[in-house]
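To start, the structure itself, in structure tokens.
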Amino acid sequence: INFDLNVKNVNNVLKSLGGTKFLPEEIDNKTFTIKVPMVVQFYIGNGSQYLNITEAKSPEVIVPQDVDEEQLRLALLDLPIIPQRVRNQLAGINDWRNTLIVPNIEGSAEEVRVNGSEAVYIKNEQGGSLIWQENGVIYTIDSNLSKEEILKIAVEMR
């Protein structure tokens, strides 16, 4: 997906939302690209139990070479529609170019490990979801199986 920014219009929207940091004029009409790779999904269920496995490369945002990514990031972090707590958390991510961001809704997320990679298990009413990134690929397992069973499946995936 390619899009050209109309900086004046975007900054007017940011200002109307209470923003104080704006996109630089230098990026007006520059082409930005969002690459959303193909997703592979496997689902199996028998009525009472289900297992859904998804695998995809990380989406990628490509900015023009002469754009200051940090200035763009600061303007986006200043968006007033983002709750302050979330803005603080996002601003605290040092390696924001390579970090998989997973929301922790009402404290339901737990950090675990899968084959040496950091992962997050999120408990929900049906069971849980496991999310991790390994070698540039994002994996998710969603199931009503137990956390231990989901982790075992994840470890056995290759």
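Residue numbers for the sequence shown follow the working numbering, so the first one is 26 and each next one is one higher. For each residue, glycine too, the CB sits at the ideal point set by N, CA and C.
_Proximal residues to P84 (C-beta, below 6 Å), its chain only, five neighbours per side dropped_ = V61
*Classify D29 as buried or exposed, calling it buried when 16 or more other Cβ atoms lie within 10 Å of its own Cβ.*
exposed
*Buried versus exposed, by CB contacts within 10 Å (16 or more), Y146*: buried
*Can you tell me whether DSSP reads Q114 as helix, strand or coil?*
Of the three classes helix, strand and coil, the one that applies to Q114 here is helix, per DSSP.
*Quick one: what's F57 bridged to in DSSP?*
F28
*So is A179 buried or exposed if we call it buried at 16+ other beta carbons inside 10 Å?*
buried
*Following the continuous beta strand (DSSP E) through E85, name the residue where it begins and the one where it ends.*
85-87
*Through-space distance from Q109 to D93, alpha-carbon basis*: 24 Å
*asked:* Give me the DSSP bridge partner(s) of A100.
replied: Per DSSP, none; premise fails for A100.
*Do Q90 and P49 have their C-beta atoms within less than 8 Å of each other?*
It is not a contact, given that the beta carbons lie outside the stated cut-off.
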